[in-house]
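Visitor: Quick one: this structure, given as structure tokens, is what I'll be asking you about.
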Amino acid sequence: MVCYHCGVRLSEHDFCTGCGADVSLYKRILAASNRLYNDGLEKAGVRDLAGAVSALKQSLKYNKNNIKARNLLGLCYFEMGEAVAALSEWVISKNIRPNRNIADEYIKMIQANQTRLDTINLTLRKFNQALSYCQQDSRDLAVIQLKKVLSNNPRYVKAHQLLALLYIADEEWNLAKIELQKCSEIDANNTITLKYLQEVGRMMLPEDVNWNNGKGKGNEDIVRYMSGNETIIQPAGRRDFRILTTIFNFAIGIAIGIAIAVSLILPARIKAAQLEVNDQVRAISEEMDTKTATINEMERRLLGLTEENERLAALLDEFRYAEIDSETSDNLLLAAAALVVGPLEDDRESLLERILFYMDSVSHDELSEANPAFHTLYFTILETVGAELGEMCFTSGYDFYRAEEYASAIPHLLRAFQYDPENDEAIWLLANAYDRNGETDKAREAYAQVIEYFPDTDKATRSQERLVELNITGA
Amino acid sequence: MIKFEEELKKFHPSLEVEDAEEAIYNQDLTDMTDILLRMLGKAGNYEADVEDN
């Protein structure tokens, strides 16, 4: 405590030892402020926040520089949910004493968390909005808004009181009492709270009071239960009806769900299944296309291989002809060469003998399997010199036949008819040679050839007669 | 019996954070010591005037 005039610390005397000013009244004022601060501190200690606020305000009226009283007033405001009022007191406190002041920590504590500050501000705005709703007689909206306020700041005494007032106005006595009890837990001796509690207690029925206090059984016809912060009161029989209603609503919900499933989900599932099937069909089609393409490729390759096989078979045949005709072709070619070159070197008879030698060496069995070109060459030679060769063979055969050497005559006559098929005398003598040599079967064949190749001739008639004779004799 | 309208008049809008500065500046911080000093000052002036006369 210092002198208001010179700033010297005051002693127990009623005057300043520094300047001599009368400080008796000044000291009484400061003492009264301190006394009120102590009173406020005691009330705050027993949660009589409203009383504490009142005492601390009085204390500050005596001495505005009572920092302890101002800081405690801020704390009381903050505890009651009046954050801005608390901040105001702390800011003033800090301005009066900038150093070694706990208000500085309180301010930093609030300002450090911007989210908390925003929440506080939002809560205050909602409360003001709820108050505005009340003034506009929109109680339902006010109740909703106040519930939001209290969910953000459950220690906001003024919001509890306003909500309780709304419940009282709506004659929701139990709910009002619950809110007021919450108020009492924060601020134990608030005048408004006590007033409302008295009103609620007066208006509530004795059984309601007993139920609320947990002392009585309550009315058996009434069922009460808590739903969150709400107390639901309803007739006892209503619960069964509600169960039936719940079951009925549940059944309706299931029916609606099934209808939605049928009308919305099922088509979507069907469509999805169809899309899946389409995808599978597409995949199978692609696979079939691939296999078809493979088959076509294989068929094409098979056709190519078949053609290649045929070509190779033909080539093989050519090689086979050449292999088979190797000796026969040599003789045939030598005969052709002799026919072409021979006239320039030998006379006609020697030439024919040489050609006859080569032609006799040609194997008719091999020639039948030979290349067609050799056939052509063979028959070309016969057309050129066949008659002359046949005549030479016939002459030799005829000589043996006249000498009755039939066995020797047969080869010559056979070759004579072979080289000159127009020679009817050769085949006729050949048939007779076979006949006289005892080769009856060959004789019959020869006679048959005479009849076939030279019909309507004397030799054919005679051959026919001889065949009849042979058949009769059975030789 | 509580009258809703009458009770509602006792509730006032809470100060929002934006209003805090204005509320601080407008707060009447005059206390008993200020009044005492003012009274002592006036009393001193009065005694001086009497002595001068």
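If you read the protein sequences in the order shown, they are chains U and L. Following numbering that gives the first Met the number 0, the numbering of the first sequence begins with 0 at its first residue and continues without gaps. Following numbering that gives the first Met the number 0, the numbering of the second sequence begins with 0 at its first residue and continues without gaps. Even for Gly, the Cβ is constructed at its ideal location relative to N, Cα and C.
Can you name the residues of chain U whose CB is closer than 7 Å to the CB of Glu15 (chain L)?
Guide: Val83, Asn120, Leu123, Arg124
Visitor: Since Ala22 (chain L) meets chain U, which of its residues come closer than 9 Å, beta carbon to beta carbon?
Guide: Val83, Ala84, Ser87
Visitor: How would you call Gln556 (chain U), buried or exposed, if buried means at least 16 neighbouring beta carbons within 10 angstroms?
Guide: Given a span of 0 to 474 for chain U in the structure shown, any question on residue 556 (chain U) remains unanswerable.
Visitor: Nearest chain U C-beta to Ala47 (chain L) closer than 9 Å, yes or no?
Guide: no
Visitor: Taking Cβ to Cβ, would you say Tyr3 (chain U) is nearer than 9 Å to Ala31 (chain U)?
Guide: Cβ atoms of Tyr3 (chain U) and Ala31 (chain U): not closer than 9 Å.
Visitor: In the structure shown, what three-state DSSP assignment does Gly217 (chain U) receive?
Guide: Because Gly217 (chain U) carries a pLDDT of 47, less than 50, the predicted location of this residue cannot be relied on, and no value is offered for it.
Visitor: For a contact defined as C-beta to C-beta under 8 Å, what are the partners of Glu198 (chain U) on chain L?
Guide: Met0, Ile1
Visitor: With distances taken Cα to Cα, identify the nearest neighbour of Val83 (chain U) among U:Ile101, U:Leu59, U:Ile109, U:Lys93.
Guide: U:Ile109
Visitor: With the cut-off set at 9 Å, would you say Leu149 (chain U) and Ala163 (chain U) are in Cβ contact?
Guide: no
Visitor: Under three-state DSSP, which class holds Phe453 (chain U)?
Guide: coil
Visitor: So, does the CB of Glu50 (chain L) fall closer than 9 Å to a CB anywhere in chain U?
Guide: no
Visitor: Taking a contact to mean a Cβ-Cβ separation below 9 Å, would you say Leu196 (chain U) touches Lys176 (chain U) in this structure?
Guide: yes
Visitor: Determine contact between the stretch 401 to 409 of chain U and the stretch 424 to 437 of chain U, defined as no fewer than three beta-carbon pairs at a distance below 8 Å.
Guide: yes
Visitor: Along the alpha helix (DSSP H) that carries Met38 (chain L), what are the first and last residues, could you check?
Guide: 31 to 51
Visitor: Is the CB-CB distance between Ile95 (chain U) and Ile119 (chain U) below 9 Å?
Guide: In terms of Cβ geometry, Ile95 (chain U) and Ile119 (chain U) do not form a close pair [threshold 9 Å].
Visitor: Can you tell me where the alpha helix (DSSP H) with Asn127 (chain U) in it begins and where it stops?
Guide: 113 to 134
Visitor: Counting only beta-carbon separations shorter than 9 Å, does Lys41 (chain L) have a partner in chain U?
Guide: no
Visitor: For a cutoff of 9 Å on Cβ pairs, would you count Leu36 (chain L) as touching chain U?
Guide: yes
Visitor: For Phe10 (chain L), does the three-state DSSP call read helix, strand or coil?
Guide: coil
Visitor: Give me the Cα-Cα distance between Glu309 (chain U) and Glu317 (chain U), rounded to the nearest whole angstrom.
Guide: Across the structure, Glu309 (chain U) and Glu317 (chain U) are spaced so that their CA atoms are roughly 12 Å apart.
Visitor: Within 8 Å, do at least three Cβ pairs link the stretch 365 to 375 of chain U to the stretch 408 to 426 of chain U?
Guide: By the Cβ test, the stretch 408 to 426 of chain U is not in contact with the stretch 365 to 375 of chain U, since fewer than three Cβ pairs between them sit closer than 8 Å.
Visitor: Quick one: residues in its chain with C-beta nearer than 7 Å to the C-beta of Asn44 (chain L), no 5 flanking neighbours on either side, listed in chain order?
Guide: none
Visitor: Is there a Cβ from chain L that is less than 9 Å from the Cβ of Leu72 (chain U)?
Guide: no
Visitor: Mark Ala267 (chain U) as exposed unless 16 or more other C-beta atoms lie within 10 angstroms of its C-beta, in which case mark it buried.
Guide: exposed
Visitor: Name the DSSP bridge partner or partners of Phe14 (chain U)?
Guide: U:Asp21.
Visitor: Quick check: the stretch 325 to 339 of chain U against the stretch 350 to 358 of chain U, are there 3 or more CB pairs under 8 Å?
Guide: yes
Visitor: Who are the neighbours of Glu5 (chain L) on chain U, taking C-beta pairs under 7 Å?
Guide: Neighbours of Glu5 (chain L) on chain U: none; closest Cβ ~10 Å, over 7 Å.
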